[in-house]
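Read in order, the letters of the sequence shown correspond to residues 1 to 118 in the UniProt record's numbering.
Following: one structure in structure tokens, then a few remarks.
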Amino acid sequence: MAPSIPPLRSAIDRTNFKPSPEREPLWRHVLGECLRGLRHERGEKLSETARRAGVSPQYLSEMERGVKEPSSEMIAAVAGALDVTLVDLTLAVAESLRSAQNSTSRGATCSAAYALAA
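Right under this line is the structure:
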């Protein structure tokens, strides 16, 4: 008979656990906001950007809504279709996450990415 392995979470004291009122946004959500903002700044339809990126409009929509965890190749393809480098897009997402962490507002914005589109 195999020895009993205790659950890993049993050592956590849950009596003092208080969820933070402000949750840090997920990277994929902020990425999606940035991509959508860049696309809107260019005045493009989802299907136009998706065609140039070589992805389906449905997939790009899921990326923009933060539903998908896209691969770096997919992110690079969409960034290229929006005439933004992968480095600039990544920095814009990181800056947006940093500002969301420092602010008290719930939603993150991607104003840094909008500047990249100009």
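Idealized CB from N, CA, C, for every residue including glycine.
Contact check, L91 vs I75, beta carbons under 8 Å: no
Endpoints, the alpha helix (DSSP H) within which D88 is located: 86-102
Is it buried or exposed, H29, if we count other Cβ atoms within 10 angstroms and call 16 or more buried? buried
Tell me whether Q52 sits in a helix, a strand or coil according to DSSP, three-state version. A small correction: the amino acid at residue 52 is Arg; Gln does not occupy that position in the sequence shown. The answer is helix: DSSP assigns R52 an H, G or I state.
Starting from P57, trace the alpha helix (DSSP H) both ways and give me its first and last residue. 57-64
Which residue's Cα is closest to the Cα of residue 131: G66, Q58, L38, A79? With the chain covering only 1 through 118, there is no way to say anything about residue 131.
Ends of the alpha helix (DSSP H) at E73? 72-81
Under 6 Å Cβ to Cβ from R39, same chain only, skipping five residues before and after it: list those, please. T49
Using three-state DSSP, classify G32 as helix, strand or coil. helix
Could you check the C-alpha separation between S103 and R65 for me, to the nearest Å? 22 Å
With DSSP as the reference, label R39 as helix, strand or coil. helix
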